[in-house]
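Structure first, commentary second.
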Amino acid sequence: MEKIKVIVGDKSEQFERGTPIGEIFKKFDIKGAIGALVKPLEEIKKEEHKEELLKDSKATDSGIFDLHTPLEFSAEVKPIYKGSKEGLEIMRHTLAHILAQALSELYGRTNVHLGIGPTTENGFFYDVEIEGVHLKEEDLPKIEEKMKEIVKRDLPIERIELSREEAKKLFSELGEKYKLQIIDRIPEGEKITVYKQGDFIDLCKGPHLPSTGKVGEFKLSHIAGAYWLGRSDQPMLQRIYGVAFWTKKDLKNYLNFLEEVKKRDHRKLGRELEFFTIDNNIGAGLILWLPRGALYRKLLEDFLREEHYKRGYQFVYTPHVGKSVLWETSGHLEFYKENMFPPMEMDNETYFVKPMNCPFHIAIYKSKVRSYRELPLRFFELGTVYRYELSGVLHGLLRVRGFTQDDAHIICTEEQVEGEIKKALKFALDILKVFGFNEYKVYISTRPEKSVGDDHRWEVATNALIKAVTDLGLDYDIDEGGGAFYGPKIDIKVKDAIGRFWQLSTIQFDFNSPKGLT
RNA sequence: GCCGGCGUAGCUCAGUCGGCAGAGCGGGGGAUUUGUAAUCCCCAGGUCGCGGGUUCAAGUCCCGCCGCCGGCUCCA
Numbered sequence: 021m022e023k024i025k026v027i028v029g030d031k032s033e034q035f036e037r038g039t040p041i042g043e044i045f046k047k048f049d050i051k052g053a054i055g056a057l058v059k060p061l062e063e064i065k066k067e068e069h070k071e072e073l074l075k076d077s078k079a080t081d082s083g084i085f086d087l088h089t090p091l092e093f094s095a096e097v098k099p100i101y102k103g104s105k106e107g108l109e110i111m112r113h114t115l116a117h118i119l120a121q122a123l124s125e126l127y128g129r130t131n132v133h134l135g136i137g138p139t140t141e142n143g144f145f146y147d148v149e150i151e152g153v154h155l156k157e158e159d160l161p162k163i164e165e166k167m168k169e170i171v172k173r174d175l176p177i178e179r180i181e182l183s184r185e186e187a188k189k190l191f192s193e194l195g196e197k198y199k200l201q202i203i204d205r206i207p208e209g210e211k212i213t214v215y216k217q218g219d220f221i222d223l224c225k226g227p228h229l230p231s232t233g234k235v236g237e238f239k240l241s242h243i244a245g246a247y248w249l250g251r252s253d254q255p256m257l258q259r260i261y262g263v264a265f266w267t268k269k270d271l272k273n274y275l276n277f278l279e280e281v282k283k284r285d286h287r288k289l290g291r292e293l294e295f296f297t298i299d300n301n302i303g304a305g306l307i308l309w310l311p312r313g314a315l316y317r318k319l320l321e322d323f324l325r326e327e328h329y330k331r332g333y334q335f336v337y338t339p340h341v342g343k344s345v346l347w348e349t350s351g352h353l354e355f356y357k358e359n360m361f362p363p364m365e366m367d368n369e370t371y372f373v374k375p376m377n378c379p380f381h382i383a384i385y386k387s388k389v390r391s392y393r394e395l396p397l398r399f400f401e402l403g404t405v406y407r408y409e410l411s412g413v414l415h416g417l418l419r420v421r422g423f424t425q426d427d428a429h430i431i432c433t434e435e436q437v438e439g440e441i442k443k444a445l446k447f448a449l450d451i452l453k454v455f456g457f458n459e460y461k462v463y464i465s466t467r468p469e470k471s472v473g474d475d476h477r478w479e480v481a482t483n484a485l486i487k488a489v490t491d492l493g494l495d496y497d498i499d500e501g502g503g504a505f506y507g508p509k510i511d512i513k514v515k516d517a518i519g520r521f522w523q524l525s526t527i528q529f530d531f532n533s534p535k536g537l538t
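My numbering numbers the first residue of the first sequence as 21 and each following residue consecutively.
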């Protein structure tokens with residue numbers, strides 16, 4: 021049998037490959053662990069060459085394992101205990117399963133069809149379909165009671181590896197149609213594991229606690245609908261959300277925090293301070309700015325104008341509607357129509373309300389003969405646009421159907437591109453900083469399916485954006501296919517008081533329009 | 001769009017089996033003067049989101065519409 025080397029603390033020992041981590045800990049006389057932080061030795065070797073970033077905080081990157089899992093490679097293994105941050109992840113995951121078990125005991129195992137049950141930032145959820153049952157908020161206490169009962173039983177949790185055939189057989193017997201779909205999506209060669217607690221068995225890759233009694237404090241928070249796989253052509257499941265922490269105090273703190281956050285909700289403040297309102301008879305996602313809010317808005321706008329002026333932007337104003345030919349040449353009618361308000365007929369012409377300002381700014385560029393010496397040209401407008409958003413996604417002032425954006429278009433030469441992108445990005449971050457948005461995520465959004473232009477140009481443009489982001493020392497994620505139809509973009513999402521992220525600034529690279537300019 | 005919840009006085013909400021619209025806070029008036037938002041008394045009269053329908057009678061039941069809110073992968 022092949023041997024692996026395991027380091028725990030300052031000791032190390034040889035084990036047979038595939039020894040469960042729980043047994044390894046026994047050998048090292050470690051008691052009370054609920055999981056393990058595992059770092060492959062190979063990875064450590066790699067990182068040793070890159071300074072000393074092997075601090076505890078970084079270690080979470082390499083993986084949280086439970087005690088049931090056999091260790092298949094040489095690694096450094098650190099025990100995780102109750103009360104630890106890493107342990108929360110395991111505990112919450114187990115709670116999701118306890119929730120599933122509670123549901124199956126309440127409504128009958130074969131009536132409950134489980135979707136996915138992952139952890140969240142502060143808890144967990146499980147997506148389920150229950151035959152003939154529409155859960156209501158009032159059902160939550162009952163479910164919570166059942167969960168507590170299961171916790172009290174302190175059921176040992178087992179991990180079992182199954183072959184693909186065994187797994188399929190098991191889950192089709194249980195009527196788990198969604199789990200069967202998941203099994204089909206598991207790549208060939210990857211292990212299929214199930215976890216069992218008492219009579220309840222569920223497809224899961226872990227990690228889980230050693231037993232149900234080891235969970236912390238939790239509360240089911242709310243129910244919402246959620247499409248299976250997040251796709252609107254799939255059935256709608258019922259998602260049950262819960263929050264969970266190790267101690268009552270932490271849970272209470274979090275619930276208090278949510279209360280505090282509610283008090284600071286911009287929709288509540290907007291009403292109380294008489295900043296804005298929404299009227300049934302005007303329409304969804306259409307905002308009325310009340311005098312006090314308008315004054316506040318004016319101050320913001322003045323500030324923005326000033327900042328743009330300082331950075332060499334020229335101010336322009338453009339109409340709210342334009343003929344269809346404009347939107348045909350811009351490509352909006354081909355690629356953005358589902359987000360546009362429907363057409364208006366007038367004088368044998370079709371007009372559209374603008375969803376974007378770009379075609380107008382380009383028309384301004386084209387309004388006279390230009391010399392390359394003028395470049396870069398930076399046109400800026402507080403442009404009001406209208407977009408058709410799904411009614412269900414509208415949200416206060418943050419997701420609306422009509423809004424005014426501080427929108428600028430920079431027309432420049434290829435040589436100027438990099439510098440301009442960096443300047444614009446820096447500008448956006450500086451503005452966010454003024455308003456205290458220090459926590460944000462940067463995304464590079466790449467080519468979507470429906471888009472124009474050749475691959476090579478897309479690649480060059482995308483790389484230019486990545487370079488700008490990394491040159492400014494920012495971390496970023498790739499939003500695959502999230503770009504605009506005419507080019508890739510840098511999106512900046514900022515965190516609100518509740519921890520939700522909202523996209524504010526975006527810097528887009530349009531290399532297609534210039535061709536249409538000549 | 002879809003699933004679920006909601007829409008009653010300025011705000012937060014109560015209105016059970018359908019029968020003459022209520023409370024607290026705020027606001028207005030008065031009293032008191034003692035202590036940091038919350039002392040006492042009085043008052044306020046709102047198309048019960050909108051439009052249909054059922055009924056002797058609807059905030060309460062049915063249908064349609066409008067709007068708001070929670071969510072719609074943080075992958076087994």
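Where a beta carbon is used, it is the ideal one built from N, C-alpha and C, also for glycine.
Item: In the structure shown, what three-state DSSP assignment does residue 56 receive?; Value: strand
Item: Just curious, the alpha helix (DSSP H) that residue 445 is in, first and last residue?; Value: 437-454
Item: Determine the DSSP secondary structure at residue 369, reduced to helix, strand or coil.; Value: strand
Item: When you compare only the Cα positions, how much space is there between residue 231 and residue 255?; Value: 33 Å
Item: Output yes or no for whether 8 Å exceeds the beta carbon distance between residue 336 and residue 381.; Value: yes
Item: Report yes if the C-beta distance between residue 263 and residue 271 is below 8 Å; otherwise report no.; Value: yes
Item: Whose CA, out of 507, 501, 471, lies closest to the CA of residue 485?; Value: 507
Item: Whose CA, out of 403, 185, 446, 148, lies closest to the CA of residue 117?; Value: 148
Item: Taking C-alpha atoms, which residue in 258, 229, 214, 356 lies nearest to residue 155?; Value: 258
Item: Along the chain, where does the alpha helix (DSSP H) that runs through residue 179 open and close?; Value: Segment 177-182 is the beta strand (DSSP E) holding residue 179; no alpha helix (DSSP H) there.
Item: Residues in the same chain with beta-carbon distance under 6 Å from residue 525, minus the five sequence neighbours each way, listed in chain order, please.; Value: 448, 512
Item: Taking the runs of the beta strand (DSSP E) that are 3 residues or longer, which of them lie wholly in the segment 86-141?; Value: 95-101, 132-134
Item: Indicate whether the contact test is met: 3 or more Cβ pairs, each with one atom in the segment 122-135 and one in the segment 229-245, closer than 8 Å.; Value: no
Item: Output needed for residue 425: all residues of its chain with C-beta closer than 7 Å, excluding positions within five of it in sequence on either side, in chain order.; Value: 403, 405
Item: Relative to the C-alpha of residue 150, which candidate in 371, 188, 529, 198 has its C-alpha closest?; Value: 198
Item: Going by the beta-carbon positions, is the gap between residue 422 and residue 468 smaller than 8 Å?; Value: no
Item: Cβ of residue 306 within 7 Å of any heavy atom in the ligand MN?; Value: No copy of the ligand MN appears in this structure; indeed no ligand is present at all.
Item: Could you give the distance in angstroms between the alpha-carbon of residue 37 and the alpha-carbon of residue 158?; Value: 49 Å
Item: Look up residue 26 in the DSSP assignment and say whether it is helix, strand or coil.; Value: strand
Item: Could you spell out the range, first to last residue, of the alpha helix (DSSP H) harbouring residue 342?; Value: Here residue 342 belongs to no alpha helix (DSSP H); instead the beta strand (DSSP E) covers 341-343.
Item: Spell out a yes or no on whether the segment 183-197 and the segment 241-250 are touching, meaning 3 or more CB-CB pairs, one atom from each, closer than 8 Å.; Value: no
Item: Quick check: what's the CA-CA separation for residue 93 versus residue 505?; Value: 45 Å
Item: Within a Cβ cutoff of 7 Å, which residues of the same chain sit near residue 33, ignoring the five residues on either side of it in sequence?; Value: 26, 47
Item: Could you check what DSSP says for residue 398 in three-state terms: helix, strand or coil?; Value: strand
Item: Would you please state the rounded distance, in angstroms, between the beta carbons of residue 305 and residue 420? I believe it to be under 8 Å.; Value: 4 Å
Item: Start and end of the beta strand (DSSP E) containing residue 307?; Value: Counting along the chain, residue 307 falls outside any beta strand (DSSP E), and DSSP gives it neither H nor E.
Item: Is residue 525 helix, strand or coil when you go by DSSP?; Value: strand
Item: Put residue 520 into one of helix, strand or coil per three-state DSSP.; Value: coil
Item: Ordered along the chain, which non-local residues of its own chain (more than five positions away) have a Cβ less than 7 Å from that of residue 515?; Value: 459, 460, 521
Item: By the three-class DSSP mapping on this structure, what secondary structure does residue 38 have?; Value: coil
Item: One question on the structure: do residue 464 and residue 498 come within less than 8 Å of each other, judged by their Cβ atoms?; Value: yes
Item: Please identify the residue among 206, 212, 168, 166 whose C-alpha is closest to the C-alpha of residue 180.; Value: 212
Item: Just the Cα atoms here: how many angstroms apart are residue 196 and residue 130?; Value: 8 Å
Item: Here's the rule: buried if 16 or more other CB atoms are within 10 angstroms of the residue's CB, otherwise exposed. What is residue 300?; Value: exposed
Item: Between residue 488 and residue 279, what straight-line distance do the alpha-carbon atoms span, to the nearest angstrom?; Value: 40 Å
Item: With 16 other CB atoms within 10 Å as the buried threshold, where does residue 297 fall?; Value: exposed
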